[in-house]
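**Student:** Attaching a single structure in structure tokens format; questions to follow.
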Amino acid sequence: MKIQPLADRVLIEPAPAEEKTIGGIIIPDTAKEKPLQGTVVAVGRGTKDEEMVLKAGDTVLYGKYAGTELEFEGTKYLIMRQSDVVAVIA
Numbered sequence: 082m083k084i085q086p087l088a089d090r091v092l093i094e095p096a097p098a099e100e101k102t103i104g105g106i107i108i109p110d111t112a113k114e115k116p117l118q119g120t121v122v123a124v125g126r127g128t129k130d131e132e133m134v135l136k137a138g139d140t141v142l143y144g145k146y147a148g149t150e151l152e153f154e155g156t157k158y159l160i161m162r163q164s165d166v167v168a169v170i171a
């Protein structure tokens, strides 16, 4: 991975939005709900006040408006603070 988050930030690859059809009509990407689940790809080193609890490979839930979207080598990611992650899925 060429992106290394700094401090207490984590890089998350969102789960793909589910394809839904209503009576044979395919809903366009712009109308799909954003996923609130993803996989941690990379983590920062933390800060002196906050130890990093998350690790690469964790499946997490995060807030609807959390993070900043970015695209790197054709893949979409979210980068956010560890505190924006609300749960780890076991």
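Heads up: the sequence shown begins at 82 in our numbering, then just goes up one per residue.
Glycine is no exception: its CB is placed at the ideal position from the N, C-alpha and C atoms.
1) Can you name, in chain order, every residue of its own chain whose Cβ lies under 7 Å from the Cβ of glutamate 150, other than the five neighbours on each side?
2) In the structure shown, what three-state DSSP assignment does glutamine 85 receive?
3) Please confirm if serine 164 has its CB atom under 7 Å from at least one CB of chain B.
4) Please return the same chain residues whose Cβ sits closer than 6 Å to the Cβ of serine 164, not counting the five positions on each side in sequence.
5) Would you say lysine 145 touches the ligand GTP, meaning its beta carbon is less than 6 Å from a heavy atom?
**Tutor:** Working from what's here:
1) Lys157, Leu159
2) In the structure shown, glutamine 85 falls within a coil segment according to DSSP collapsed to helix, strand and coil.
3) Looking for chain B here will not work: only one protein chain is present.
4) none
5) By its list of ligands, the structure shown contains no ligand whatsoever, and the ligand GTP lies outside what it can speak to.
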